[in-house]
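The structure under discussion appears below in the form of structure tokens.
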């Protein structure tokens, strides 16, 4: 491992890069979270066992569809499933058995080894919003996202101390043709950040392009021996695996790259309207998808995902931060741990159109549920607005600030003699004041988490300064972070090779709309 | 018990009251929460034992002050403590032993028996903000609170489905002389609501007035045999019990009325700057205060309270919704359960000046911590703004709506055959849609919690309707609830007797400023 680091430092460390490093502003980056506090389990053993039994019944008797994918059907047949048309009936226990080869924990490498993340076990890795076609900011309102917006979000992510991961489609750059977008998006993650990132999944060939770009960035051997991308494979719930997503997953698995196998469910529409029914379907889908991943390459890193929202039966709108979403997240975490698999869920999810109180209530519910529910990889941790239709600049920095709270909570409390503070209690005594005492003086700097954004000022100061609300403070912070941003050093030879690859790729095909 | 209900129904049920009842709008009122989900314990056994050991050391070696209260010193001396001046040194184990006579759970009666609450064990009772000298609303901004504001908050509390308790000083009516305020405040709770409420604590004589007014409302015998008030007794941290609060507590305990014995701590100022040091002091104070309560009347209902905020060391401002506050709340809950005592903490606490995203993040953190941390009585559950300096009309209804989430989460999930939804999964199958299936149709009305306030509309509708943020929606809801309000029926003879009592009391003393 140390050798690999040395190798990669050398790769990233040409003369120009070293010169750039010397003049760079030092940015703060927190290590991924390692929980020192227990997980919370909302469901009891008996309930979990019923869900597991029912999920096996679904796999065996209802089956799952692998669509437009004869090779997948053949693989399942050989593995012992009964295949009828595109329907795969998986005998009780088979999928769970196949899942056992998936690692409980894996390392995703970043081009800066200090930004490597461990995914699984007690860790929690935080990644930004994924997928919105729109952006919103306080000045410009809501509009279609562009590549310029995308780049700004990557820069904000790089500057966000508590964000461990650069993410993937932080917004859809709608000004770039659909079949070429992934090249520009990957390029932005590779050059404007040094944190780990996600690969393209909208077409198997784009997954292949992602692998090839990583081979330029990390070296071909390194990519084959290490995981350098974690990519999002959604299931077409209920119980359907389409050839595009499966095709992308096949490429990633064959290249030992990580996938998040993730049912994307609006409860009551794509799954039963009940929590237990939804958990049963989620588990069945994850078992089938992860088993298939392991059939492609046993031991490939894979994350059990669960993206579930409830639905407002009045408007049909998906709803976020609701108690049912918390229950499902928590139960899915328990099920993932019983499978010994890394778990993805949560995020700064909300339905609100604005980064207002509704957005914050809903986001905080999901952040808290994810921390205590044992989530290992939290996509959408910051920036999500309006049910994921919008990436919000202000909400990005608001949520990113909140992520500091998760770090602090996860660390647990100090229990040593200094933390017990008996000297202080004896020194101050009844009726005294702790502000001046020695223990306070020597501990106050690290004693309390402190926001980089929210208002803690006295009323009069706050009022004189314009009585600013959170969105206004966030707008100022977005401007400051983008002004302060400095690009992390990258070997110019690698940068040039990436440019060349992208140029050739783009020239090789006409623009397309899908 | 059934007899008492019948008796009280009869008291409340004169002819006029019955007529009023027939024409009244039926308001919805949720039962107090009974948790069907486990509590969350953040601290391990070893840490809890150290805190308990250290707290006993504090009581024995540092001691606590009972100020201006010779009778208390005498009681402690007789109980086996060492008294030196006003300092009481409590031998290891004595306070914990004395606490054992306090009930683990008790009933607080309301004048409407359907609104009675159980406090302790698995329950969670929600009460509104307490104490702010200012109010804020979207139109008028921030200003000193008046009796008119107070009455409006009581009405909003009565109209809030998920609020079980009318509270106490929902704001300070600064237009009424200090020594007469409690009469008008209690009167408002008694006549504008039929939910349980809190008594006055700002002077022992005002606690006595509170008991006497309850004797008019409930009947003298009923008050002596039952708990009809839960009142807030703050400790002057560190380790000091003043004669005003203790005097009020003595009156309540003697009359079998419940007290919340509650350290009020800004960590780093009134307690050590560390979580473990603060928990040690909180436990020592609670042990001493509750033990004293039980010395006054063994078996009197008493709640172990913990109101702790962190402090911003830059501005000196108290901060809310921080990770340290969550850690302390959670640890204090564990300590309370080990004492087998009801636990008070939490609330919709925030430092924000406005009901904006900051307010909501901070509030949601504390709401969630309180639910999972085993809180039995949550004061400040709604309406709290700006570190408790302000009662906000908009935030009151925003938070009160959020309390529905706590109810839903606490209920756990259904696990019966209908909830398992296997029929639905078989019916819909891979690639199908659940919206039309029979299971969805017969379950959707109760399937998901639904807000009464937040925006779930499609973007276009929301935009056409004025792109309203949460505060704007909340303002509309405040207006609607106050318009819809109808006073609950009360026997006119009782109403007249209360008026007469207050009139006589007010006439008996000149206005005073303290």
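Residue numbers (this note's numbering), protein chains in the order written: chain A, 1298 to 1811; chain B, 1298 to 1811.
Don't be surprised by glycine CBs; every beta carbon is placed ideally from N, CA and C.
Note that this is a predicted model, so its numbers are computed, not measured.
Exercise. In terms of residues, what are the limits of the beta strand (DSSP E) holding residue 1552 of chain B?
Worked result: Here residue 1552 of chain B refers to the residue found at position 255 when the second chain is read from its first residue. Looking at the DSSP string, residue 1552 of chain B is not in any beta strand (DSSP E), and its letter there is neither H nor E.
For this session: Could you pull out every residue in the same chain whose Cβ sits closer than 7 Å to the Cβ of residue 1468 of chain B, ignoring the five residues on either side in sequence?
Result: Here residue 1468 of chain B corresponds to residue number 171 of the second chain, with the count starting at 1. Result list for residue 1468 of chain B: 1429, 1432, 1442, 1446, 1447, 1450 and 1688, in chain order.
Exercise. Are the CB atoms of residue 1695 of chain B and residue 1654 of chain A nearer to each other than 8 Å?
Worked result: In the second chain, the residue the question calls residue 1695 of chain B occupies position 398. In the first chain, the residue the question calls residue 1654 of chain A occupies position 357. Yes, they are a contact pair.
For this session: Under 9 Å between beta-carbons, which chain A residues line up against residue 1759 of chain B? List them in chain order, please.
Result: One-based indexing of the second chain puts residue 1759 of chain B at position 462. Residues of chain A whose Cβ lies closer than 9 Å to the Cβ of residue 1759 of chain B are, in chain order, 1650.
For this session: May I ask you to report which of helix, strand or coil DSSP gives residue 1640 of chain B?
Result: By one-based count along the second chain, residue 1640 of chain B stands at place 343. Under the three-state reduction of DSSP, residue 1640 of chain B is assigned to strand.
For this session: Have a look at residue 1412 of chain A and residue 1674 of chain A and give me their C-alpha separation to the nearest angstrom.
Result: Residue 1412 of chain A sits at position 115 when you count from the first residue of the first chain. Residue 1674 of chain A sits at position 377 when you count from the first residue of the first chain. C-alpha separation (whole angstroms): 15 Å.
Exercise. Leaving out five residues before and five after residue 1691 of chain B in sequence, what residues of the same chain have Cβ atoms less than 7 Å from its Cβ?
Worked result: Taking the first residue of the second chain as position 1, residue 1691 of chain B is located at position 394. The beta carbon of residue 1691 of chain B sits closer than 7 Å to those of 1434, 1435, 1652, 1768, 1771, 1772 and 1775, all from its chain and outside the five residues before and after it, given in chain order.
For this session: Kindly list, in the order they appear in chain A, the residues whose Cβ is closer than 7 Å to that of residue 1366 of chain B.
Result: Indexing the second chain from 1 puts residue 1366 of chain B at position 69. Residue 1366 of chain B does not reach chain A, its nearest Cβ partner there being about 13 Å away, counting only Cβ pairs nearer than 7 Å.
Exercise. Is the CB of residue 1731 of chain A under 8 Å away from at least one CB in chain B?
Worked result: In the first chain, the residue the question calls residue 1731 of chain A occupies position 434. It does; some Cβ of chain B falls within 8 Å.
Exercise. Are the CB atoms of residue 1361 of chain B and residue 1380 of chain B nearer to each other than 8 Å?
Worked result: One-based indexing of the second chain puts residue 1361 of chain B at position 64. One-based indexing of the second chain puts residue 1380 of chain B at position 83. Not in contact: residue 1361 of chain B and residue 1380 of chain B (Cβ atoms no closer than 8 Å).
Exercise. Can you list the residues of chain B that residue 1245 of chain A reaches, using a CB-CB cut of under 9 Å?
Worked result: Look at the range of chain A in this structure, 1298 to 1811, and you will see that residue 1245 of chain A is not part of it.
For this session: May I have the straight-line CA-CA distance separating residue 1707 of chain A from residue 1339 of chain B, to the nearest angstrom?
Result: Walking along the first chain from the start, residue 1707 of chain A turns up at place 410. Walking along the second chain from the start, residue 1339 of chain B turns up at place 42. Going from the Cα of residue 1707 of chain A to the Cα of residue 1339 of chain B covers about 10 Å.
Problem set entry | residue 1505 of chain B - containing beta strand (DSSP E), residue span | Along the second chain, one-based indexing puts residue 1505 of chain B at 208. Per DSSP, residue 1505 of chain B belongs to no beta strand (DSSP E); it is in the alpha helix (DSSP H), 1501-1515.
For this session: Return the Cβ separation of residue 1558 of chain A and residue 1359 of chain A in integer angstroms, given the expectation that the two are a contact with Cβ distance under 8 Å.
Result: Position 261 of the first chain, counted from the start, is the residue given in the question as residue 1558 of chain A. Position 62 of the first chain, counted from the start, is the residue given in the question as residue 1359 of chain A. That belief does not hold up - the Cβ atoms of residue 1558 of chain A and residue 1359 of chain A are roughly 18 Å apart, past 8 Å.
For this session: Assign residue 1784 of chain B to one of three DSSP states: helix, strand, or coil.
Result: Reading the second chain from its first residue, position 487 is the one you call residue 1784 of chain B. Residue state, collapsed to three classes: coil.
Problem set entry | the stretch 1364-1377 of chain A touching the stretch 1549-1563 of chain A, judged by at least three CB pairs closer than 8 Å | With the cut-off at 8 Å, the stretch 1364-1377 of chain A and the stretch 1549-1563 of chain A do not touch.
Exercise. Thinking just about the alpha-carbon of each residue, which of B:1729, B:1424 and B:1545 is nearest to the one in residue 1486 of chain B?
Worked result: By 1-based counting over the second chain, the position of residue 1486 of chain B is 189. Out of B:1729, B:1424 and B:1545, B:1424 has the C-alpha closest to the C-alpha of residue 1486 of chain B.
For this session: Flag residue 1378 of chain B as yes if its beta-carbon sits less than 8 Å from any beta-carbon of chain A, otherwise no.
Result: Sequence index remark: in the second chain, residue 1378 of chain B carries index 81 (1-based). No, residue 1378 of chain B lies away from the interface with chain A (no Cβ there is under 8 Å from its Cβ).
Exercise. Which of the residues in the stretch 1423-1444 of chain A, read from start to end, lie with their CB under 7 Å from any CB of chain B?
Worked result: Shown here is that no member of the stretch 1423-1444 of chain A has a Cβ falling below 7 Å from a Cβ of chain B.
For this session: State the DSSP-derived secondary structure class of residue 1615 of chain A, mapped to helix, strand or coil.
Result: Taking the first chain and counting its residues from 1, one reaches residue 1615 of chain A at position 318. In the displayed model, residue 1615 of chain A falls within a strand according to three-state DSSP.
Exercise. Using 8 Å as the limit for Cβ to Cβ distance, is residue 1727 of chain A near chain B?
Worked result: Taking the first chain and counting its residues from 1, one reaches residue 1727 of chain A at position 430. Yes, residue 1727 of chain A counts as interfacial toward chain B.
Exercise. Taking the alpha helix (DSSP H) that residue 1739 of chain A falls in, what are its first and last residues?
Worked result: Position 442 of the first chain, counted from the start, is the residue given in the question as residue 1739 of chain A. The continuous alpha helix (DSSP H) containing residue 1739 of chain A extends over residues 1735-1744.
For this session: For chain A, find out if any of its Cβ atoms is closer than 8 Å to the Cβ of residue 1567 of chain B; answer yes or no.
Result: By 1-based counting over the second chain, the position of residue 1567 of chain B is 270. Yes, its Cβ sits closer than 8 Å to a Cβ of chain A.
For this session: Could you tell me which of A:1732, A:1633, A:1745 and A:1734 sits nearest to residue 1401 of chain A, measuring between CA atoms?
Result: What you label residue 1401 of chain A is simply residue 104 of the first chain in a count that begins at 1. Of the listed residues, the one whose Cα sits closest to residue 1401 of chain A is A:1633.
Exercise. In three-state DSSP terms, what is residue 1659 of chain B?
Worked result: The residue labelled residue 1659 of chain B in the question sits at position 362 within the second chain. Of the three classes helix, strand and coil, the one that applies to residue 1659 of chain B here is helix, per DSSP.
Exercise. Using 8 Å as the Cβ pair cut-off and three pairs as the minimum, do the stretch 1608-1616 of chain A and the stretch 1540-1556 of chain A touch?
Worked result: The stretch 1608-1616 of chain A and the stretch 1540-1556 of chain A do not touch, with fewer than 3 CB-CB distances between them shorter than 8 Å.
Exercise. Which one or two residues does DSSP pair with residue 1560 of chain A in a beta bridge?
Worked result: Locating residue 1560 of chain A in the first chain gives position 263, counting from the first residue. BP columns for residue 1560 of chain A point to A:1532.
Exercise. Using a beta-carbon distance below 8 Å, is residue 1635 of chain B in contact with chain A?
Worked result: Here residue 1635 of chain B corresponds to residue number 338 of the second chain, with the count starting at 1. Residue-level contact by beta carbon fails for residue 1635 of chain B and chain A, as no gap is shorter than 8 Å.
Exercise. Roughly how many whole angstroms lie between the Cα atoms of residue 1396 of chain A and residue 1577 of chain A?
Worked result: Position 99 of the first chain, counted from the start, is the residue given in the question as residue 1396 of chain A. Position 280 of the first chain, counted from the start, is the residue given in the question as residue 1577 of chain A. Residue 1396 of chain A and residue 1577 of chain A have their C-alpha atoms roughly 17 Å apart.
For this session: Would you identify the three-state DSSP class for residue 1387 of chain B, choosing helix, strand or coil?
Result: The residue you call residue 1387 of chain B lines up with position 90 of the second chain. Three-state result, residue 1387 of chain B: coil.
Exercise. When you check each C-beta in the stretch 1339-1368 of chain B against every C-beta of chain A, which residues fall closer than 9 Å?
Worked result: Against chain A - using a Cβ distance shorter than 9 Å - the residues of the stretch 1339-1368 of chain B are 1339, 1340, 1341, 1343, 1344, 1347, 1348, 1351, 1354, 1355, 1358, 1359, 1360, 1361, 1362 and 1364.
For this session: Using a Cβ cut-off of 9 Å, pull out every chain B residue sitting near residue 1702 of chain A, in sequence order please.
Result: Looking up residue 1702 of chain A in the first chain gives position 405. Those within 9 Å of residue 1702 of chain A in chain B are 1618, 1619, 1620, 1623, 1658 and 1662.
Problem set entry | Length of the line joining the Cα atoms of residue 1299 of chain B and residue 1474 of chain B | Within the second chain, numbered from 1, the residue matching residue 1299 of chain B stands at position 2. Within the second chain, numbered from 1, the residue matching residue 1474 of chain B stands at position 177. The predicted position of residue 1299 of chain B is uncertain, since its pLDDT is 41 and thus under 50; a value taken from the coordinates is nonetheless stated next. Roughly 41 Å separates the two Cα atoms.
Problem set entry | Boundaries (first-last residue) of the beta strand (DSSP E) holding residue 1454 of chain B | Position 157 of the second chain, counted from the first residue, corresponds to residue 1454 of chain B. No beta strand (DSSP E) contains residue 1454 of chain B, which is instead part of the alpha helix (DSSP H) from 1444-1456.
For this session: Work out the CA separation of residue 1672 of chain A and residue 1371 of chain A for me, nearest whole Å.
Result: Within the first chain, the letter at position 74 stands for residue 1371 of chain A. Within the first chain, the letter at position 375 stands for residue 1672 of chain A. Each residue's alpha carbon lies about 34 Å from the other.
Problem set entry | Per DSSP, the bridge partner or partners of residue 1438 of chain A | On the first chain, position 141 is the one that residue 1438 of chain A refers to. As computed with DSSP, residue 1438 of chain A is found in a beta bridge with A:1434.
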